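Novice: For the sequence shown, the residue numbers in our numbering are 513 to 708.
Don't be surprised by glycine CBs; every beta carbon is placed ideally from N, CA and C.
Just so we're clear, the structure is a prediction, and the values are computed from it rather than from any experiment.
This is the structure I have questions about; it appears just below.
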Amino acid sequence: MQCPKCKELLTNSQLFGSLKADACTNCAGQWVDGDEYQQWRLAQTRATVDPMRVLRTNLTAYQVPAATDTKTGLCPVCQRILSRTRVSTEPFFYLEQCLSCNGVWFDQDEAAILQQLKLHDQIEILSSGSWQSQIRSAQMLLNEKEAVIEKLGIDIAQQVFELAEILTDQPNGDFAVAYLMRRFERDSPFMQQSQV
Ligand SMILES: [Zn+2]
Ligand SMILES: [Zn+2]
Numbered sequence: 513m514q515c516p517k518c519k520e521l522l523t524n525s526q527l528f529g530s531l532k533a534d535a536c537t538n539c540a541g542q543w544v545d546g547d548e549y550q551q552w553r554l555a556q557t558r559a560t561v562d563p564m565r566v567l568r569t570n571l572t573a574y575q576v577p578a579a580t581d582t583k584t585g586l587c588p589v590c591q592r593i594l595s596r597t598r599v600s601t602e603p604f605f606y607l608e609q610c611l612s613c614n615g616v617w618f619d620q621d622e623a624a625i626l627q628q629l630k631l632h633d634q635i636e637i638l639s640s641g642s643w644q645s646q647i648r649s650a651q652m653l654l655n656e657k658e659a660v661i662e663k664l665g666i667d668i669a670q671q672v673f674e675l676a677e678i679l680t681d682q683p684n685g686d687f688a689v690a691y692l693m694r695r696f697e698r699d700s701p702f703m704q705q706s707q708v
């Protein structure tokens, strides 16, 4: 079997302890057979994954994206173009899979990153619509947090985030949110007072 990225011959290898894989000694990528993956995956106890954690995981220990990540590859089994799924880490990378035989290609470090994110035994969720929308919401929340820090400074921002945490744990937290919203309405007595 040839490496989808650099055409070297793949050699027997293993991933995640017990999953049979074929590795490229040149680019350090790894190929996993679709049926092998499916069988192994069903034997795993899968963790609940948090999109926020995926976005905030520190990946400095890895080469992301791998040098070969931008290259489109052919399935080493059926020679079809591998389908690419964006993994929304910071920086992001693409996971490649053959839609015909379900084989998976991990460029260098991608398997280790997915393992750290606890996504390695549930890679099928990465391409699902619900996961993509969870990631988008989490990204929006992170952007909003950054905007609050930028506009108010870190000290006040920290207090706002702490208050948000406290209110999230309160069954009636929404009353406080309603109060704050009202407080900042243009025609509220509070705002008029401050303008006088
Ligand atoms: Zn290679
Ligand atoms: Zn294939």
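#1: What's the C-alpha gap between residue 699 and residue 658?
#2: Please write down, chain order preserved, every residue whose beta carbon lies under 6 Å from a heavy atom of ligand 2.
#3: Mind checking residue 714: buried by the 16 CB within 10 Å criterion, or exposed?
#4: Closest to residue 673 by C-alpha separation, out of 683, 611 and 689, would be which residue?
#5: What separation, rounded to the nearest whole angstrom, lies between the Cα atoms of residue 538 and residue 617?
#6: Ordered along the chain, which non-local residues of its own chain (more than five positions away) have a Cβ less than 7 Å from that of residue 499?
#7: Starting from the N-terminal end, write out each residue whose C-beta falls within a distance shorter than 7 Å of any non-hydrogen atom of ligand 1.
#8: Which whole runs of the beta strand (DSSP E) in the segment 633-676 are 3 residues long or more, in chain order?
#9: Where does residue 609 fall in DSSP's three states?
#10: Determine, using beta-carbon pairs with one atom in the segment 659-666 and one in the segment 606-617, whether at least three such pairs fall under 8 Å.
Specialist: With the given structure in hand:
#1: 28 Å
#2: 587, 589, 590, 592, 610, 612, 613 and 615
#3: Summary: the structure shown does not reach residue 714, with the chain confined to residues 513 through 708, and so no result is reported for it.
#4: 689
#5: 15 Å
#6: Lying before the first or after the last residue shown, residue 499 is absent from the chain, which here runs from 513 to 708.
#7: 515, 517, 518, 520, 536, 538, 539, 541 and 580
#8: none
#9: strand
#10: no
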